[in-house]
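Right, one structure below, let's go through it.
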Amino acid sequence: MKNRLSSFNGLTLVKVLIYLFFGVFLLLPLVSVFLVSFTGQPINLLGSITNSNILQSTIEKFSSASFDNYEKIFTNKTYFSAVQNSLELAILVSLIVIVMCIPIAYGIARTTMPFKRTIAALCTIPLIVPTFISAYAIIIMFGRAGWVTYIYNSLGGEGMLLDPYSMAGIILVQVFFFFPYALWPMVAAFKVSDISLEEASLNLGARNWFTFIFVTFPLAIPGVISSALLIFTVSFSDFGTPIILAPKDLNLLVVEAYREIAGFFNWGGAAILTVIMVLVAAFFFWLQHLFTKGKNYGSVSGKPKQQKLNDAKGLTRTLSVYSLAIVIIPLLAMLSIVLQSLATTWGKNPLPNGYTLSHYQTIFTSSMGNIQNSIVLALGALILSVIIATFVSYFVVRQNSSKLDFMTSIPLVVPGIAFGIALIQTFNTAPLHLTGTALLLIVAYTIRRLPYMVRSTMGTMRAIKQDIEEAAVNLGATPLTAAITIIGPLMLPGIAAGSILVFITVIKETSISILLAPADWAPMSLAIFQNILRGEYYTAAAMSVVLVIIVLILQAIANRISKNQL
Amino acid sequence: MGSVKVSELTKEFSGVHALKNVNLDIQEGEFFALLGPSGCGKTTTMRCIAGFEQPTSGIIQIGETKVNHIPPNKRNCGMVFQSYALFPHMNVFENVAYSLNIKQLNSSNMAAKLPIYLRLLNRKLGKYPKPIEQKVMEILQYVELDKHATRLTSELSGGQQQRVALARALVMEPAVLLMDEPLSNLDQKLRHSMRNTIRRIQQDLGITTIFVTHDQEEAMSMADRVAVMDSGEVKQIGTPIELYSRPSTPFIANFVGTSNVLKGTVVGQENGYSVVKGHGFLIKSTNHVEQKEVNVIVRPENIKAFKPGTISSDELTNMIEGTVLVSTYLGSIVRYDIKVEEYQLVVDTTFVPGEAILTEGEKVQLTIDPERVLLI
Numbered sequence: 007m008k009n010r011l012s013s014f015n016g017l018t019l020v021k022v023l024i025y026l027f028f029g030v031f032l033l034l035p036l037v038s039v040f041l042v043s044f045t046g047q048p049i050n051l052l053g054s055i056t057n058s059n060i061l062q063s064t065i066e067k068f069s070s071a072s073f074d075n076y077e078k079i080f081t082n083k084t085y086f087s088a089v090q091n092s093l094e095l096a097i098l099v100s101l102i103v104i105v106m107c108i109p110i111a112y113g114i115a116r117t118t119m120p121f122k123r124t125i126a127a128l129c130t131i132p133l134i135v136p137t138f139i140s141a142y143a144i145i146i147m148f149g150r151a152g153w154v155t156y157i158y159n160s161l162g163g164e165g166m167l168l169d170p171y172s173m174a175g176i177i178l179v180q181v182f183f184f185f186p187y188a189l190w191p192m193v194a195a196f197k198v199s200d201i202s203l204e205e206a207s208l209n210l211g212a213r214n215w216f217t218f219i220f221v222t223f224p225l226a227i228p229g230v231i232s233s234a235l236l237i238f239t240v241s242f243s244d245f246g247t248p249i250i251l252a253p254k255d256l257n258l259l260v261v262e263a264y265r266e267i268a269g270f271f272n273w274g275g276a277a278i279l280t281v282i283m284v285l286v287a288a289f290f291f292w293l294q295h296l297f298t299k300g301k302n303y304g305s306v307s308g309k310p311k312q313q314k315l316n317d318a319k320g321l322t323r324t325l326s327v328y329s330l331a332i333v334i335i336p337l338l339a340m341l342s343i344v345l346q347s348l349a350t351t352w353g354k355n356p357l358p359n360g361y362t363l364s365h366y367q368t369i370f371t372s373s374m375g376n377i378q379n380s381i382v383l384a385l386g387a388l389i390l391s392v393i394i395a396t397f398v399s400y401f402v403v404r405q406n407s408s409k410l411d412f413m414t415s416i417p418l419v420v421p422g423i424a425f426g427i428a429l430i431q432t433f434n435t436a437p438l439h440l441t442g443t444a445l446l447l448i449v450a451y452t453i454r455r456l457p458y459m460v461r462s463t464m465g466t467m468r469a470i471k472q473d474i475e476e477a478a479v480n481l482g483a484t485p486l487t488a489a490i491t492i493i494g495p496l497m498l499p500g501i502a503a504g505s506i507l508v509f510i511t512v513i514k515e516t517s518i519s520i521l522l523a524p525a526d527w528a529p530m531s532l533a534i535f536q537n538i539l540r541g542e543y544y545t546a547a548a549m550s551v552v553l554v555i556i557v558l559i560l561q562a563i564a565n566r567i568s569k570n571q572l
Numbered sequence: 065m066g067s068v069k070v071s072e073l074t075k076e077f078s079g080v081h082a083l084k085n086v087n088l089d090i091q092e093g094e095f096f097a098l099l100g101p102s103g104c105g106k107t108t109t110m111r112c113i114a115g116f117e118q119p120t121s122g123i124i125q126i127g128e129t130k131v132n133h134i135p136p137n138k139r140n141c142g143m144v145f146q147s148y149a150l151f152p153h154m155n156v157f158e159n160v161a162y163s164l165n166i167k168q169l170n171s172s173n174m175a176a177k178l179p180i181y182l183r184l185l186n187r188k189l190g191k192y193p194k195p196i197e198q199k200v201m202e203i204l205q206y207v208e209l210d211k212h213a214t215r216l217t218s219e220l221s222g223g224q225q226q227r228v229a230l231a232r233a234l235v236m237e238p239a240v241l242l243m244d245e246p247l248s249n250l251d252q253k254l255r256h257s258m259r260n261t262i263r264r265i266q267q268d269l270g271i272t273t274i275f276v277t278h279d280q281e282e283a284m285s286m287a288d289r290v291a292v293m294d295s296g297e298v299k300q301i302g303t304p305i306e307l308y309s310r311p312s313t314p315f316i317a318n319f320v321g322t323s324n325v326l327k328g329t330v331v332g333q334e335n336g337y338s339v340v341k342g343h344g345f346l347i348k349s350t351n352h353v354e355q356k357e358v359n360v361i362v363r364p365e366n367i368k369a370f371k372p373g374t375i376s377s378d379e380l381t382n383m384i385e386g387t388v389l390v391s392t393y394l395g396s397i398v399r400y401d402i403k404v405e406e407y408q409l410v411v412d413t414t415f416v417p418g419e420a421i422l423t424e425g426e427k428v429q430l431t432i433d434p435e436r437v438l439l440i
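Protein chains in written order, with the working numbering: chain B, 7 to 572; chain R, 65 to 440.
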């Protein structure tokens with residue numbers, strides 16, 4: 007017992023606080039939402055502890071708990087089609103992305119394809135742009151008044167080439183803006199297999215295409231499948247695209263859940279949809295994890311092997327043209343946004359009718375508040391996640407706290423909209439009435455982006471040897487002082503890089519902002535969203551450009567920091 | 065300054081005994097070495113004393129105080145780590161000043177803590193008070209590093225880093241100085257000069273020092289007393305001379321220097337000698353033991369080798385005949401591997417210029433002074 011007491015130091019207190027934080031803001035909301043999926047009415051678990059009346063009503067609600075909501079998945083047509091459509095969308099997007107990326111990945115990994123660097127650079131564009139902005143860009147291009155439609159019509163086409171407000175539109179956006187998530191793992195997968203195997207196949211008399219199908223591709227399959235599963239989860243959880251593009255008659259889980267909560271305050275309905283979302287996302291995440299773990303065909307050999315690249319002229323040129331044609335589309339989308347932001351008016355024309363800076367003037371006078379909000383909120387989330395991530399990685403690396411490690415990875419599998427619903431549901435009454443406050447918004451951003459931050463700080467932490475810390479303790483420092491004066495400064499580069507990424511992702515964040523941000527704390531993403539809904543397209547475009555530029559600058563800084571580290 | 069007493073120290077790591085009933089009684093001002101092969105528990109013992117490991121059972125005392133429940137940061141044991149564990153983001157001065165900063169931090173109130181934290185985080189954020197600066201420079205002078213005070217530790221040579229680590233541990237005026245294989249990262253030549261440096265400083269300051277090493281030469285040349293450890297147990301404690309001349313087990317006899325170990329049975333007493341019979345030899349010893357089955361320990365330099373027929377009659381006691389297998393010229397000595405029945409003995413003879421070295425296959429007669437034959 008005495009031993010216990012003496013080891014109860016500042017660090018233990020920090021650990022308890024972190025557990026408390028995750029307990030209250032991550033586990034409690036998820037558990038509550040799970041319970042609500044049975045009761046159909048909001049459950050106030052915290053209140054039940056502090057107030058006996060609430061406890062009484064909670065018990066009553068439990069006594070009426072049922073599987074009604076679960077039955078509704080199959081009986082309620084709206085819900086059933088929402089599940090069906092969401093799965094269909096995610097499957098289609100991942101299949102299309104994989105097929106589309108195979109030639110590009112092969113080109114980058116195994117050939118001397120021209121413009122390789124340009125292609126790789128263009129591939130980063132989709133990662134910078136929030137999906138609801140990309141969705142909006144597609145409207146500018148393919149909409150009724152879009153320039154693609156204009157060109158299509160002047161070439162003799164009838165109506166629109168592709169209606170952006172449809173499943174096809176959503177697929178289009180997700181395919182062209184999510185493909186880099188799959189491309190790089192696939193490039194890595196293609197790099198695994200050895201050129202000598204292909205040469206052996208050729209030597210045995212097989213033709214090029216035969217070799218690719220029966221030798222090269224099978225070796226890359228584990229990486230390809232894992233990429234497909236990743237894209238599935240990303241597409242399934244995406245909120246920004248469907249909320250802009252989904253037509254009224256197209257039910258998707260994310261949109262349906264949002265409508266239930268924001269439109270009808272149907273707690274039970276939102277809860278059951280949330281539970282389904284989390285379960286599906288978690289399942290596919292787990293599946294993907296399983297694949298990357300199990301079937302890694304020796305990509306980690308320490309022996310650097312010189313790879314001979316395929317330099318057949320016809321093949322590399324074809325691949326290059328194909329790849330450029332694909333990566334140019336996100337670029338065109340972004341350019342469309344830029345043009346729109348500078349246009350006096352633009353419609354049914356390949357180019358704007360005139361140019362003006364007045365939209366920027368508008369946002370810098372009337373929407374300055376949104377930019378400020380975004381920065382303040384992102385800074386808040388940044389500070390909170392720096393503190394938590396630093397300590398979490400300390401506990402995980404130094405004290406083998408695997409429970410904490412697991413807890414911080416939970417947000418990876420919870421789609422943003424699901425997490426948002428869980429939070430609203432849990433914190434909209436006393437004793438912790440936080441819905442509609444900036445604090446809850448910051449906490450939500452923090453938890454959602456913490457896994458990325460933790461990965462970054464954990465890497466740096468692993469590089470710091472244990473005996474350096476022991477030396478500090480030996481010299482008289484308490485573990486907490488040692489953490490602050492020795493570990494902290496040594497982790498600074500990792501923290502800096504990680505925190506910029508948190509900042510970027512928070513500024514881009516859509517679902518949490520739309521669900522949780524109160525009017526006086528509306529960040530840029532919410533302002534853009536509302537502008538689009540109100541039809542103020544030109545200001546939305548200008549704001550999007552500002553947002554992307556902020557992200558671009560920060561990304562450049564982050565890249566520089568992590569480069570200096572190496 | 066203080067003595068260190070370890071009683072019945074036992075440490076288990078998930079069921080495996082890393083230490084079994086270790087007892088050490090280290091005097092104030094003593095230079096004490098823990099010697100043993102890797103995995104013998106010497107580092108674990110030291111980490112228990114420093115407080116980085118909690119013993120499963122047993123008592124650790126520093127001075128008169130039982131320290132089992134004192135956290136490592138309050139034990140006042142200066143430790144020099146095997147890797148030196150210098151703080152890479154601090155320069156030499158800051159490394160050495162660290163413990164003084166911490167001391168000041170612990171003794172000041174909330175408001176006064178801030179400037180100390182600031183200068184701990186970055187040297188540009190705060191000035192060091194005069195007393196700390198003086199003390200640090202003094203100790204740096206002592207280890208001849210005062211000219212490198214503003215260097216980053218990564219810019220120093222191995223020997224210099226070693227001295228920073230030493231200065232950093234010494235500046236806090238520890239009750240005990242702990243050193244974990246401090247010389248293992250240095251090259252041969254530097255190791256020799258650092259041995260002398262460490263020994264000189266230890267003598268100068270009269271500081272109780274515990275030194276962990278696997279190198280018997282290091283332990284024997286530096287320490288006042290040595291504890292030889294093997295598989296978690298202390299096998300023998302003694303001065304280097306005691307360990308060498310009276311090893312208590314064949315393991316120690318071979319770990320501390322080289323020994324010839326022969327198995328035999330005591331068959332009787334004769335003129336004050338114990339007579340031991342083994343396979344193909346009969347040997348006399350002035351040593352008396354109680355048990356019948358004994359290990360006969362003879363150091364290589366205590367065996368004399370003669371060409372057959374050249375032995376004078378007064379040296380005929382303990383004469384054994386053998387054949388030279390290998391002869392190795394080692395400068396001042398010649399080492400022979402000699403086959404005697406089923407044994408292979410190592411024999412060192414002084415090389416006398418002009419005298420012929422015995423060649424392989426040659427018959428040889430060996431004699432051993434009964435006083436140099438140890439029975440255990």
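Yeah, the Cβ is synthetic: ideal placement off N, Cα and C, and Gly gets one too.
Exercise. If you draw a straight line from the C-alpha of P499/B to the C-alpha of E297/R, how long is it?
Worked result: In the first sequence, the residue the question calls residue 499/B occupies position 493. In the second sequence, the residue the question calls residue 297/R occupies position 233. Looking at the two C-alpha atoms, the distance is approximately 45 Å.
For this session: Determine the DSSP secondary structure at E262/B, reduced to helix, strand or coil.
Result: In the first sequence, the residue the question calls residue 262/B occupies position 256. Here E262/B sits in helix by DSSP.
For this session: Assign Q212/R to buried or exposed, taking buried as 16 or more other Cβ atoms, counted over all protein chains shown, within 10 Å of its Cβ.
Result: On the second sequence, position 148 is the one that residue 212/R refers to. What sits at residue 212/R in the sequence shown is His, not Gln. So H212/R counts as buried.
Exercise. Looking at the C-beta of A114/R, does it have a partner C-beta in chain B at a distance below 8 Å?
Worked result: Translated into positions along the second sequence, residue 114/R becomes position 50. At least one chain B Cβ lies under 8 Å of A114/R.
Problem set entry | DSSP three-state assignment for G66/R, whether helix, strand or coil | Residue numbering aside, residue 66/R sits at position 2 when the second sequence is read from its first letter. If DSSP states are grouped into helix, strand and coil, G66/R belongs with coil.
For this session: Could you tell me whether any Cβ in chain B is nearer than 8 Å to the Cβ of R232/R?
Result: As a first step, residue 232/R is located in the second sequence; it is residue number 168 there, counting from the start. True, the Cβ-Cβ gap to chain B drops below 8 Å.
Exercise. Are any of the Cβ atoms in chain B nearer than 8 Å to that of C141/R?
Worked result: In the second sequence, counting from the first residue as 1, residue 141/R sits at position 77. For C141/R, at least one C-beta of chain B is nearer than 8 Å to its own C-beta.
Problem set entry | Partner residues on chain B for Y162/R, Cβ-Cβ distance less than 9 Å | As a first step, residue 162/R must be located in the second sequence, where it is residue number 98. What Y162/R touches in chain B: A477, A478, L481, G482, A483, T491 and I492.
Exercise. What residue range is occupied by the uninterrupted alpha helix (DSSP H) comprising N59/B?
Worked result: Numbered from 1 along the first sequence, position 53 holds the residue referred to as residue 59/B. Residues S58 to S69.
For this session: For L19/B, I'd like the list of residues in its chain whose CB is within less than 6 Å of its CB, leaving aside the five on either flank, ordered along the chain.
Result: By one-based count along the first sequence, residue 19/B stands at place 13. The answer is none, since no qualifying residue turns up.
Exercise. Given that a residue counts as buried once 16 or more other Cβ atoms are within 10 Å of its Cβ, and exposed if not, what is F412/B?
Worked result: As a working note, residue 412/B is residue 406 in the first sequence. Result: exposed.
Problem set entry | Buried or exposed by the 16-neighbour rule on C-beta atoms within 10 Å, applied to M174/R | Locating residue 174/R in the second sequence gives position 110, where the first residue counts as 1. When all chains shown are included, M174/R counts as exposed.
For this session: Find out if the Cβ-Cβ distance for the pair E306/R, V276/R is shorter than 8 Å.
Result: For the purposes of this step, residue 306/R is taken as residue 242 along the second sequence, with counting starting at 1. For the purposes of this step, residue 276/R is taken as residue 212 along the second sequence, with counting starting at 1. Not a contact, by the Cβ cut-off of 8 Å.
For this session: Go ahead and pull the three-state DSSP assignment for Y303/B.
Result: Position 297 of the first sequence, counting from 1, holds the residue named residue 303/B. With a pLDDT of only 44 at Y303/B, under the threshold of 50, the placement of this residue in the model should not be trusted, and no figure is reported.
For this session: Evaluate the contact criterion for the stretch 420-437 of chain R versus the stretch 384-394 of chain R: three or more CB pairs, one atom per stretch, below 8 Å.
Result: Touching, yes, given that three or more Cβ pairs across the two stretches are closer than 8 Å.
For this session: Could you pull the start and end residues of the beta strand (DSSP E) that R187/R belongs to?
Result: The residue labelled residue 187/R in the question sits at position 123 within the second sequence. No beta strand (DSSP E) contains R187/R, which DSSP labels as neither H nor E.
Problem set entry | For S257/R and L247/R, the rounded distance between their alpha carbons | For the purposes of this step, residue 247/R is taken as the residue at position 183 of the second sequence. For the purposes of this step, residue 257/R is taken as the residue at position 193 of the second sequence. When the Cα atoms are used, L247/R and S257/R turn out to be separated by approximately 10 Å.
Exercise. Given a limit of 8 Å on CB to CB distance, which residues of the stretch 494-517 of chain B reach chain R?
Worked result: G494, P495 and L496
Problem set entry | Distance between L184/R and P135/R (C-alpha atoms, nearest Å) | In the second sequence, residue 135/R corresponds to position 71, counting from 1. In the second sequence, residue 184/R corresponds to position 120, counting from 1. The alpha-carbon atoms of P135/R and L184/R are separated by roughly 22 Å.
Exercise. Going straight from the alpha carbon of L348/B to that of A548/B, what length do you get?
Worked result: Sequence index remark: in the first sequence, residue 348/B carries index 342 (1-based). Sequence index remark: in the first sequence, residue 548/B carries index 542 (1-based). A direct Cα-to-Cα measurement between L348/B and A548/B gives close to 8 Å.
Problem set entry | Rounded separation between T217/B and A194/B - CA only | Start at 1 with the first residue of the first sequence, and residue 217/B comes out as number 211. Start at 1 with the first residue of the first sequence, and residue 194/B comes out as number 188. For T217/B and A194/B, the distance between alpha carbons rounds to 19 Å.
For this session: Mark I315/B as exposed unless 16 or more other C-beta atoms lie within 10 angstroms of its C-beta, in which case mark it buried.
Result: For the purposes of this step, residue 315/B is taken as the residue at position 309 of the first sequence. The question names Ile, but residue 315/B is Leu in the sequence shown. Counting Cβ neighbours within 10 Å, L315/B comes out exposed, since fewer than 16 surround it.
Exercise. What separation, rounded to the nearest whole angstrom, lies between the Cα atoms of K75/R and G105/R?
Worked result: Locating residue 75/R in the second sequence gives position 11, counting from the first residue. Locating residue 105/R in the second sequence gives position 41, counting from the first residue. Each residue's alpha carbon lies about 9 Å from the other.
Problem set entry | Beta-carbon gap between V207/R and L241/R smaller than 8 Å | The sequence position of residue 207/R within the second sequence is 143, counting from 1. The sequence position of residue 241/R within the second sequence is 177, counting from 1. Cβ distance not < 8 Å, so V207/R and L241/R don't count as in contact.
For this session: Report yes if the CB atom of V362/R is closer than 8 Å to the CB atom of I432/R, and no otherwise.
Result: Against the second sequence, residue 362/R aligns to sequence position 298. Against the second sequence, residue 432/R aligns to sequence position 368. Contact: yes.
Exercise. What is the DSSP secondary structure of S407/B, reduced to helix, strand or coil?
Worked result: Position 401 of the first sequence, counted from the first residue, corresponds to residue 407/B. Coil.
Exercise. How would you list, in chain order, the residues of chain R whose beta-carbon sits under 8 Å from the beta-carbon of K78/B?
Worked result: Taking the first residue of the first sequence as position 1, residue 78/B is located at position 72. Correct list: empty, because the minimum Cβ distance to chain R is about 51 Å.
Exercise. Quick one: does N173/R have its CB under 8 Å from some CB of chain B?
Worked result: Looking up residue 173/R in the second sequence gives position 109. Not closer than 8 Å to any Cβ of chain B, the Cβ of N173/R fails to qualify, so no.
For this session: Run through the stretch 369-429 of chain R for me and flag every whole beta strand (DSSP E) of 3 or more residues, listed as ranges in chain order.
Result: 383-393, 397-404 and 407-414
Exercise. By a C-beta neighbour count over all protein chains shown, 10 Å radius and 16 as the cutoff for buried, is G308/B buried or exposed?
Worked result: Residue 308/B sits at position 302 when you count from the first residue of the first sequence. Low local confidence applies: a pLDDT of 37 at G308/B is under 50, so the model's placement there is unreliable, with the coordinate-based value given in what follows. Exposed: under 16 other Cβ atoms inside 10 Å.
Exercise. Going by beta carbon distance, what residues of the same chain come within less than 6 Å of Y85/B, once the five residues before and after it are set aside?
Worked result: Walking along the first sequence from the start, residue 85/B turns up at place 79. For Y85/B, where only same-chain residues beyond five positions count, the Cβ hits under 6 Å are K78 and I79.
For this session: Evaluate contact between the stretch 138-147 of chain R and the stretch 107-120 of chain R, counting only Cβ atoms and requiring at least three cross-stretch pairs below 8 Å.
Result: The answer is yes - the stretch 107-120 of chain R touches the stretch 138-147 of chain R, with three or more Cβ pairs under 8 Å.
Problem set entry | K253/R at chain B interface by Cβ criterion, 8 Å | As a position in the second sequence, residue 253/R is number 189, starting the count at 1. Taking 8 Å as the threshold, the shortest C-beta distance from K253/R to chain B does not fall below it.
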